[in-house]
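**Student:** Have a look at the structure that comes next, please.
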Ligand SMILES: [Zn+2]
Ligand SMILES: [Zn+2]
Ligand SMILES: [Zn+2]
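Residue numbers (my numbering): 19 to 489.
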């Protein structure tokens with residue numbers, strides 16, 4: 019075996035320290051503290067031997083009662099969806115106006131603006147299926163007269179009753195990238211401070227190289243946008259670290275035994291991620307159906323190489339010497355692995371859909387008068403006028419809820435849930451002490467299909483229903 023040079027040995031020790039699993043009691047404390055900040059008092063996170071952690075009811079819930087509202091740790095709107103919906107880049111609330119939403123989308127489509135859409139996006143959109151309209155009896159889109167989309171976007175054309183669907187005005191990114199928009203100054207600031215200051219491609223970006231950043235984002239869009247989530251996790255750890263360092267005066271910190279004096283700070287900054295990761299991406303990603311099991315090793319090497327390429331691009335963009343371990347393939351692989359196994363659909367219903375439904379429900383002659391004006395727009399949008407905001411996100415508490423094919427709770431957005439937060443509702447009565455479960459897949463599909471889909475989450479379901487249905 020080759021002997022390692024001392025610097026490598028030090029880095030190696032730091033990486034091991036960062037990847038060392040926390041004792042279950044510490045994870046429980048951390049997550050139960052999070053529950054308090056979410057103001058959901060009826061649940062607790064507990065470790066349950068071999069089954070790992072789960073969410074349990076500490077009070078009774080009635081059917082349809084809110085069980086948990088969970089905030090996003092890191093989230094990302096699919097790049098292909100950015101044309102269709104203008105949402106806050108931090109809380110994913112729709113911004114602008116009905117006119118802007120429709121005008122902007124038609125304008126971008128008219129001008130052939132497309133975002134490199136990755137394969138993963140396409141797959142997920144198919145799976146999502148819960149928004150947008152069915153593909154049957156597809157209606158041909160009828161283009162708008164020239165200039166009308168722009169007029170709508172600029173506010174020169176008003177649609178009837180659109181003021182009933184008001185949205186916050188879009189606040190552009192303070193870094194000047196022109197890509198991120200927010201529902202408020204508060205969201206703009208929060209995003210800037212949590213990760214966007216490092217990941218912004220605008221002129222006030224705090225990255226090392228905006229060019230490298232553009233390349234990184236392009237690579238993620240062309241391959242897998244899970245890398246964007248991972249970059250947000252890396253950036254937020256670095257920024258957390260810098261904040262912690264600022265609060266300490268010289269000599270205040272405990273020099274850590276394993277080298278870097280700042281390792282203890284990095285360990286603290288890394289905490290939100292360290293509570294959730296388990297396996298490296300290339301070890302845990304499910305083998306696609308079209309890959310023979312004899313090619314599995316080659317497939318895993320390929321995935322590892324993809325992560326390596328992405329990491330090199332990210333490193334060129336935002337490397338920080340004091341947070342060096344964050345740029346090791348080992349750590350990057352664990353971050354992506356955590357998102358692979360736990361990333362959840364981010365869905366926010368579109369006010370544009372509500373708008374057209376409202377018009378459709380108007381009594382005559384109001385309906386006729388309104389439709390006179392709205393039909394060209396509806397025709398131009400075609401069948402997918404109601405596309406919702408779609409993305410992926412990591413929700414620290416929702417990801418602790420275990421799967422069951424006969425769940426007692428479900429992810430469900432109520433009328434008032436208008437942003438990217440996850441909402442878990444009781445699907446039936448849940449009694450104190452019971453475990454709260456949701457189905458990660460459509461529970462109405464047959465056993466075999468459920469098993470195949472659940473493989474993506476890295477496990478075989480052993481719930482009573484699966485045991486019974488297993489041939
Ligand atoms: Zn917002
Ligand atoms: Zn920006
Ligand atoms: Zn099952």
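Backbone N, C-alpha and C define an ideal beta-carbon position, used for all residues, glycine too.
(1) With residue 88 as the anchor, note down where its beta strand (DSSP E) starts and where it stops.
(2) For my contact list, residue 468 and residue 459 are in at a C-beta cut-off of 8 Å; report their separation, rounded to the angstrom.
(3) Per DSSP, which residues does residue 200 bridge with? Please list them.
(4) Closest to residue 428 by CA distance: which of 435, 442, 281 is it?
(5) Starting from residue 64, trace the beta strand (DSSP E) both ways and give me its first and last residue.
(6) Let me know the secondary structure DSSP gives residue 445 once reduced to three states.
(7) Here's a check: name, in chain order, each residue in its chain whose Cβ is nearer than 6 Å to the Cβ of residue 193, leaving out the five neighbours to either side.
(8) Residue 456 lies in the beta strand (DSSP E); which residues open and close that run?
(9) Straight-line CA distance for residue 31 to residue 258?
(10) Is residue 106 near residue 195, with beta carbons less than 8 Å apart?
(11) Whether or not the region 437-452 and the region 73-85 are in contact is what I'm after, with contact meaning three or more pairs of Cβ atoms, one per stretch, closer than 8 Å; do they touch?
(12) Starting from residue 237 and walking both ways along the alpha helix (DSSP H), at which residues does that stretch end?
(13) Compute the beta-carbon to beta-carbon distance between residue 491 and residue 60, rounded to the nearest angstrom, for a pair I have assumed lies under 8 Å.
(14) Does the Cβ of residue 27 have 16 or more other Cβ atoms within 10 Å, making it buried, or fewer, making it exposed?
(15) Quick one: residues in its chain with C-beta nearer than 6 Å to the C-beta of residue 53, no 5 flanking neighbours on either side, listed in chain order?
(16) Checking 8 Å against the spacing of the C-beta atoms, do residue 247 and residue 421 come in under that value?
(17) If you run the structure through DSSP and keep just helix, strand and coil, what is residue 106?
(18) Roughly how far, in whole angstroms, is the beta-carbon of residue 175 from the beta-carbon of residue 166, given that I think they are within contact range, below 8 Å?
(19) Could you pull the start and end residues of the beta strand (DSSP E) that residue 409 belongs to?
**Tutor:** This is what the structure holds:
(1) The count along the chain shown starts at 1 and reaches residue 88 at position 70. If you look at residue 88, you'll find it in the beta strand (DSSP E) that goes 84-88.
(2) Translated into positions along the chain shown, residue 468 becomes position 450. Translated into positions along the chain shown, residue 459 becomes position 441. Rounded to the nearest angstrom, the Cβ distance from residue 468 to residue 459 is 6 Å, consistent with a contact under 8 Å.
(3) On the chain shown, residue 200 is found 182 positions in, with the first residue counted as 1. Answer by DSSP bridge pairing, in chain order: 189.
(4) Mapped onto the chain shown, residue 428 falls at position 410. Nearest of 435, 442, 281 to residue 428, Cα basis: 442.
(5) Sequence index remark: in the chain shown, residue 64 carries index 46 (1-based). Residue 64 -> beta strand (DSSP E) spans 61-65.
(6) On the chain shown, position 427 is the one that residue 445 refers to. Annotated three-state conformation of residue 445 is coil, per DSSP.
(7) Working through the chain shown from its first residue, we reach residue 193 at position 175. Only 218, 220, 222, 223 meet the Cβ criterion.
(8) Residue mapping note: residue 456 aligns to position 438 of the chain shown, counting from 1. 453-456 is the span of the beta strand (DSSP E), which, as asked, contains residue 456.
(9) Start at 1 with the first residue of the chain shown, and residue 31 comes out as number 13. Start at 1 with the first residue of the chain shown, and residue 258 comes out as number 240. Straight-line Cα distance between these residues: approximately 21 Å.
(10) The sequence position of residue 106 within the chain shown is 88, counting from 1. The sequence position of residue 195 within the chain shown is 177, counting from 1. Residue 106 is not a Cβ neighbour of residue 195, given a cutoff of 8 Å.
(11) For the pair of segments examined, the region 73-85 was found to touch the region 437-452: the number of CB pairs separated by less than 8 Å reaches three.
(12) As a working mapping, residue 237 is identified with position 219 in the chain shown. Where residue 237 is concerned, the enclosing alpha helix (DSSP H) stretches over 228-240.
(13) This structure cannot settle anything about residue 491, because the visible part of the chain is limited to 19 through 489.
(14) Position 9 of the chain shown, counted from the start, is the residue given in the question as residue 27. Of the other Cβ atoms in all chains shown, fewer than 16 fall within 10 Å of the Cβ of residue 27; this residue is therefore exposed.
(15) Numbered from 1 along the chain shown, position 35 holds the residue referred to as residue 53. The answer is none, since no qualifying residue turns up.
(16) On the chain shown, residue 247 is found 229 positions in, with the first residue counted as 1. On the chain shown, residue 421 is found 403 positions in, with the first residue counted as 1. Taking 8 Å as the cut-off, the beta carbon of residue 247 is found no closer than this to the beta carbon of residue 421.
(17) Against the chain shown, residue 106 aligns to sequence position 88. Here residue 106 sits in coil by DSSP.
(18) Here residue 175 refers to the residue found at position 157 of the chain shown. Here residue 166 refers to the residue found at position 148 of the chain shown. Contact holds; Cβ gap of about 7 Å.
(19) Here residue 409 refers to the residue found at position 391 when the chain shown is read from its first residue. Its beta strand (DSSP E) spans residues 407-412.
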